[in-house]
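Trainee:
Residue numbers (the working numbering): -6 to 138.
This is the structure we're talking about:
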């Protein structure tokens, strides 16, 4: 155990978050996503929900302020104008933990290639369909911000 680090973040995930560089993306995907097949690097987080993982990661990983969007998510039926309960929970979690960052919903044609290209895919135990989110890593400046 470590002080100040959410316990849901295991050693493999902590290593990944630390190893990522500015602009690298990490995808947290639902339990139905074919993560093993699509991942360049795979971290398993079976039994953990997407929202708990998202909240924990956002508490310790800086998001990219130099791009237009640093948070992307799936949409209900892969249609950006549609959302379900999991998407509203993603939006609310990001608003609470990462204020100032808008969540961009993506259609499947834009989302799935981006997940495949991610630095790492985290396979969660999330059962909600289309429960996928991508975070783009930022930097920590000389002043720690």
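Virtual Cβ for every residue (Gly too), placed ideally from N, Cα, C.
What three-state label does DSSP hand residue 34 in the structure shown?
Mentor: Against the chain shown, residue 34 aligns to sequence position 41. In this structure, residue 34 counts as coil in the three-state DSSP scheme.
Trainee: Determine the DSSP secondary structure at residue 48, reduced to helix, strand or coil.
Mentor: The count along the chain shown starts at 1 and reaches residue 48 at position 55. Taken through DSSP and simplified to helix, strand or coil, residue 48 comes out as helix.
Trainee: Do residue 95 and residue 18 have their C-beta atoms closer together than 9 Å?
Mentor: Here residue 95 corresponds to residue number 102 of the chain shown, with the count starting at 1. Here residue 18 corresponds to residue number 25 of the chain shown, with the count starting at 1. Not closer than 9 Å, so no.
Trainee: Under three-state DSSP, which class holds residue 96?
Mentor: Against the chain shown, residue 96 aligns to sequence position 103. Note: residue 96 maps to strand in three-state DSSP.
Trainee: With a threshold of 6 Å on Cβ separation, who are the neighbours of residue 124 within its own chain once the five nearest residues in sequence on each side are excluded?
Mentor: Walking along the chain shown from the start, residue 124 turns up at place 131. So the list reads 23, 43, 79, once near-sequence residues are dropped.
Trainee: Would residue 56 be called buried (16 or more neighbouring beta carbons within 10 Å of its own) or exposed?
Mentor: As a first step, residue 56 must be located in the chain shown, where it is residue number 63. Classification of residue 56: buried, given that the 10 Å Cβ count is 16 or more.
Trainee: Buried or exposed, going by whether 16 or more other CB atoms sit within 10 Å of the CB of residue 13?
Mentor: Here residue 13 corresponds to residue number 20 of the chain shown, with the count starting at 1. When all chains shown are included, residue 13 counts as buried.
Trainee: Use the C-beta contact count for residue 132: other C-beta atoms within 10 angstroms, 16 or more gives buried, fewer gives exposed.
Mentor: Reading the chain shown from its first residue, position 139 is the one you call residue 132. It counts as exposed.
Trainee: So, for residue 108: in the same chain, excluding its five sequence neighbours on each side, which residues have a beta-carbon less than 8 Å away from its beta-carbon?
Mentor: In the chain shown, counting from the first residue as 1, residue 108 sits at position 115. Counting only Cβ-Cβ distances below 8 Å, and skipping sequence neighbours, we find 20, 22, 26, 31, 114, 125, 127.
Trainee: In the DSSP assignment, find the alpha helix (DSSP H) that holds residue 109 and state where it starts and stops.
Mentor: Residue mapping note: residue 109 aligns to position 116 of the chain shown, counting from 1. It spans 101 to 110 - the alpha helix (DSSP H) in which residue 109 sits, taken as one unbroken run.
Trainee: From 74, 47, 54, pick the residue whose C-alpha is nearest to that of residue 85; which is it?
Mentor: Along the chain shown, one-based indexing puts residue 85 at 92. That would be 47, whose Cα lies nearest to the Cα of residue 85.
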